[in-house]
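Working notes, beginning with the structure itself.
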Amino acid sequence: MYEHLETADNTENLKRVVVEPVSRVEGHGKVTLLLDEDNKVKQARLHIVEFRGFERFIQGRPYWELPVLVQRLCGICPVSHHLAAAKAIDQLVGIDPVNLPIAADKLRRLLHFGQVLQSHALHFFHLSSPDLLFGFESEISKRSIIAVIESYPDLAVQGVMLRKYGQEVIRMVSGKRIHGTGAIPGGMNKSLTKEERDYLRKDIEQIISWGVASVALIKKVHCSNLPYYDDFATIRSNYLGLTKPDGALELYHGGIRAKNAQGETIMDHVDYCKYNDFIHEEVRSWTYMKFPYLLSMGQEDGWYRVGPLARVNNCDYIDTPLAELERVDFKAHSNEVMVHSTLAFHWARLIELLHCAESIKTLLNDPDILSQDLVAKGEKRYEGVGVIEAPRGTLFHHYQVDENDIVTKANLIVSTTSNNMAMNESVRQVAAEYLSGQELTEPLLNNLEVAIRAYDPCLSCATHAMGKMPLQLELINADGQLIDKLVKGSNGHINRIANA
Amino acid sequence: MAKTITIDGVNIPYEEGQTIIEAATTAGIYIPHLCHHPEFTPHGSCKLCTVKVNGRNCSACTFPAMEGQEVINNAKDLNDDRQKITQMLFVEGNHFCPSCEKTGNCQLQAVAYHLNMLDDHFPLFYQHREMDASHADILIDHNRCIFCTLCVRASHAHDGKDVFAISGRGINKHLIVNSESGLLKDTNMAATDKAAHICPTGAILIKHTAYQVPIGERLYDHQQIDQVSLNTELVDHDK
Ligand code: SF4
Ligand code: FES
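Chains as they are written, first to last, in this note's numbering: chain A, 97 to 596; chain B, 322 to 560.
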């Protein structure tokens, strides 16, 4: 629909507006809008400077370092990298998921639910709620968590407490709130003590009830302006993710399922170790970030979305009762089989948050998490693939090692890379619908950010650049000349640097 | 009457033939050190144990205790110098604690904490050093070697094997192993050797054991190096 905007026919007379990085996404992003002389959007691209350093960091290191090493590559969902790598290196010591000791499997799941809970809480309450509660074009002073705290103190407290609880789950299982240890080849290095379990148990009912309240809130916000929420940055796409063997929502381990925009199955229960046979990554000249697509559908049509929206769309049901009720409601609000609204990512995310809270409760009542039977070992192998549903979507880790246990090859597909094409599509959509023919203003540019933010991209994960980048907007003409520059401070204020 | 020296003004007894560090440890006083180990002949190379003896700088691990010595150990200028020495050790090699499996059990890291080292201060050398992963059970990560020679001494004196030696000088100094191929797998080293367990950093490691000790149960999780050191080395001294 908007494909024509990716490459303008005639770029000579276009002005370039650069938004960099997208604020409140924890990483670097750059939106380039090539404008014509009437300020009409002719070209829209989301640039992500992917730091091609993963492989360099990892190659030459012993494989048992991986779960700890890779979580340092990403400051945003370290636990997901930790666990995806752990699943891959289990195979290097001859352990497939079915052979992992039950206690280790459950502890890893507990860790993962804690991570997804805290990540979703962070994203919704800290990064997105200012936009959702005050509107996307509200004044700058309202678009921060401080404004939320002032206007909705209870909500802000809940957000903080939900996140903190998730972090506490992580701390109990892995030893630290961030960058703990926990997973080792073939298992886990500790179980929970009774005291640790009881400590987590005492607040879980409260956490579940806040989860319920969060879903109610986002549902209210979404449904209060249904046409807008259903149309904003909305694209019809394929969806990909893991599900349980019976089709239930799954975050830690399962087979790959993909459905098309009509909700028809493209593939189901596929072994992710063979991902190379059905996913390819396309390279485009204007960005370092690759564009994965389903081989069977081809480059043009094979791109897909991952993450909460994909998972809640794809699954047949959710195996925790409260989240399942919400899933049914969620699906019912749309008159299509699949929910395509990009802003519905937020809604799906909070349904998952509730699912995590319920699942944590189930695990905390399971005596297996106290068991000391934590590690298994089998025959050494030379290749391992670990796939997990990270907060932002399907995350692939793939390693090869030599006879000395040293990593010779690594390939990672992070969730944000999988959503790359979709984010570009959404940016184009918003640019075409909301920005064409208007003077560029910060609230308008914020609409672009809102679209990108809905995907919750881990930009510093996909583009893990060292050091800091100032937030800046640049106006560059078609000759590549910088003719104007807006610098956004960390307080959200924008300074225009004339004749930069 | 027992012979005595003073350390930071406190009278402590010593026995003939003891070094200052040995006398201090026996008396429950920690002097920061890395290349010193109570079981092996002192080497005196890291200089972390530098104290002032009657106004002169001396290595406490090599200097004999003698009647009438007034030793200054825990003084700001000495600790500042120790911190600088530690920072130099960090920048000379590649010591990335966050992803190192020795973290929490590492003497170099622990001494850095003890000396309140908050950054590297000096520019990193970014040395390119190879790893030797050839041995089935033991890994050498040369990036983390600080040339304390403890493995050299342990292999010689305890294991009777002479697997290790230090070769080269100055910035070209490096650890070598005693085999034609230059690889550890072709030496007679075994994972049970003392030399495989003595490295104060993460340079010599037993394979397949990484991160098995959870956070909270590691050597330096609850006690600083001064306490750990006094607890373990006092026992060693008494052997
Ligand atoms: S390998 Fe370890 S014990 Fe041997 S010299 Fe280097 S730092 Fe010392
Ligand atoms: S401990 Fe004395 S010089 Fe190293």
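No residue lacks a Cβ here, since even glycine has one placed at the ideal position from N, Cα and C.
- For T513 (chain A), there are no C-beta contacts with chain B under 8 Å, since the nearest C-beta of that chain is about 23 Å from it.
- In the structure shown, L555 (chain B) falls within a helical segment according to DSSP collapsed to helix, strand and coil.
- Between C421 (chain B) and L288 (chain A), the alpha-carbon positions lie close to 24 Å from each other.
- Considering only beta carbons, the part of the segment 271-301 of chain A lying closer than 9 Å to chain B consists of G271, K272, H275, G276, T277, G278, A279, I280, P281, M284, N285 and K286, in chain order.
- Taking a contact as a CB-CB distance under 8 Å, the pair G489 (chain A) and G403 (chain A) counts as one, their CB atoms being some 4 Å apart.
- At a beta-carbon threshold of 7 Å, the residues of chain A lying near G537 (chain B) are G271, ordered along the chain.
- Near the ligand FES, meaning a beta-carbon closer than 6 Å to one of its heavy atoms, we find B:H354, B:L355, B:C356, B:H357, B:G365, B:S366, B:C367, B:K368, B:L369, B:C370, B:S380 and B:C382.
- Among the residues facing chain A, P363 (chain B) is not included, as its CB has no counterpart in that chain under 8 Å away.
- Taking the C-beta atoms as reference points, Q408 (chain B) is found no nearer than 8 Å to P521 (chain B).
- Secondary structure of T325 (chain B) (DSSP, three-state): strand.
- Cβ neighbours of S224 (chain A) within its own chain (closer than 7 Å, five residues either side excluded): H442 and R549.
- In the three-state scheme derived from DSSP, where H, G and I count as helix and E and B as strand, C369 (chain A) is classed as helix.
- I300 (chain A) sits close to K457 (chain A), with the two beta carbons spaced by under 8 Å.
- In the DSSP assignment, Q254 (chain A) falls outside any beta strand (DSSP E) and lies within the alpha helix (DSSP H) extending over P249 to S270.
- Residue burial annotation: E161 (chain A) is buried, with at least 16 other C-beta atoms found within 10 angstroms of its C-beta.
- Contact between the segment 471-479 of chain B and the segment 507-516 of chain B is established, with three or more Cβ pairs separated by less than 8 Å.
- The beta carbon of D542 (chain B) sits closer than 8 Å to the beta carbons of G425 and I536 from its chain, once the five residues preceding and following it are set aside; these are given in chain order.
- Per the Cβ contact rule, the segment 407-427 of chain A is not in contact with the segment 372-380 of chain A (fewer than 3 Cβ pairs under 8 Å).
- If you compare the alpha carbons of B:N394, B:V484 and B:K405 with that of T346 (chain B), the shortest gap goes to B:N394.
- In the structure shown, A444 (chain A) adopts helical secondary structure according to DSSP, grouped into three states.
- Restricting attention to A:E292, A:L213, A:S310 and A:G278, the CA atom closest to the CA of D250 (chain A) is found in A:S310.
- If the five residues before and after N378 (chain B) are omitted, its C-beta is found closer than 8 Å to the C-beta atoms of T371 and V372, all from its own chain and listed in chain order.
- Only those residues of the segment 421-436 of chain B whose C-beta falls short of 7 Å from the nearest C-beta of chain A are listed: E422.
- Identification of residues in the segment 159-175 of chain A having a C-beta nearer than 7 Å to some C-beta of chain B yields W160, E161, V164, L165 and R168, given in sequence order.
- In summary, I280 (chain A) is buried, with 16 or more beta-carbon neighbours lying within 10 Å of its beta-carbon over all protein chains present.
- Neighbours of N500 (chain A) across chain B, judged by C-beta separation under 7 Å: A454 and S455.
- Any Cβ of chain A closer than 8 Å to the Cβ of V412 (chain B) would place that residue at the interface, and such an atom is absent.
- When Cβ-Cβ separations below 8 Å define contact, G156 (chain A) makes contact with chain B.
- Its Cα nearest to that of S333 (chain A), the residue A:M393 stands out among A:F221, A:M393 and A:G255.
- For L505 (chain B), the closest Cβ of chain A is not nearer than 8 Å.
- Against L460 (chain B), the close residues of chain A are P158, in the order they occur along the chain (beta-carbon pairs closer than 7 Å).
- Between the beta-carbon of Q211 (chain A) and that of S176 (chain A) there is about 6 Å, and that keeps the pair under the 8 Å contact cut.
- Taking C-beta atoms as the reference points, A406 (chain A) and L347 (chain A) fail to come closer than 8 Å.
- The shortest CA-to-CA distance from D397 (chain A) to any of A:E422, A:S430, A:I362 and A:T383 is the one to A:I362.
- Collapsing the DSSP output to three states places C173 (chain A) in coil.
- Taking each of A:T383, A:P158, A:L322 and A:P197 in turn and checking the Cα distance to K473 (chain A), the smallest one comes out for A:P197.
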